[in-house]
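Numbering (the numbering used here), first residue to last: 447 to 672.
No residue lacks a Cβ here, since even glycine has one placed at the ideal position from N, Cα and C.
Bear in mind that the values here come from a model prediction, so they are computed numbers and not experimental data.
In what follows, a single structure is set out as structure tokens and then discussed.
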């Protein structure tokens, strides 16, 4: 008598990997700063999927890359930029993800951040461009403003100092020090992101969020200078 075992389809396998990754990321980021927590990860995942619907790309790489892009953000680990890629690599190997996909995701994590783009990005792919756009979109607009002030409070940065002008030409090391006010951060990074979008879909979404930030700043100065 023969017993036939139905093999799992590749879609089923990938779905299991995604669910395992969500559980892993949620556990790892349980006590993360609110602007870089699991909710941030889920927003970036949804934005990445939305952009990929129009731009294409490998959905498994996009989903895993979005889920793992902030698994160990260097600014919360004494500036060590090797931890995130290493954690992702070890996890994906345990999930038996193929080596070429793992290598792609590691490169995405190594190259996605704004600070690394200040010294020239060393790797590019459509999947990186999509996730990078999604991550940058979450840094602007109403949620981006909330995240900026939350992180500023976390670092005990001033909200605003009229005598401290924004540094518009920071290199990576200066940016990493983060010695700025939250309002200056708008000019030093957030307002630049609209023009740094990679995809046409990302650019379209960024327009509205950028406009909202400009309106917010106008109202902020009106109240400050009353």
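Item, Value
"Residues near residue 697 by beta carbon distance below 6 Å, same chain, minus five either side", "With the chain covering only 447 through 672, there is no way to say anything about residue 697."
"The alpha helix (DSSP H) enclosing residue 461, as first and last residue numbers", "456 to 474"
"Cβ-Cβ distance between residue 580 and residue 493 below 8 Å", "yes"
"Residue 554 and residue 517 closer than 8 Å at C-beta", "no"
"Nonlocal neighbours in the same chain, by C-beta distance under 6 Å from residue 569, ignoring five residues either side", "553 and 557"
"Residue 522: first and last residue of the uninterrupted alpha helix (DSSP H) it sits in", "That residue, residue 522, is in no alpha helix (DSSP H); it is neither H nor E in DSSP."
"Rounded C-alpha distance that separates residue 668 from residue 661", "11 Å"
"Alpha helix (DSSP H) segment containing residue 669, residue limits", "646 to 670"
"Status (buried if at least 16 other CB within 10 Å, exposed otherwise) for residue 536", "exposed"
"Alpha-carbon to alpha-carbon, residue 631 and residue 607", "12 Å"
"Residue 530 in three-state terms, based on DSSP", "helix"
"Beta carbon of residue 514 nearer than 8 Å to that of residue 551", "yes"
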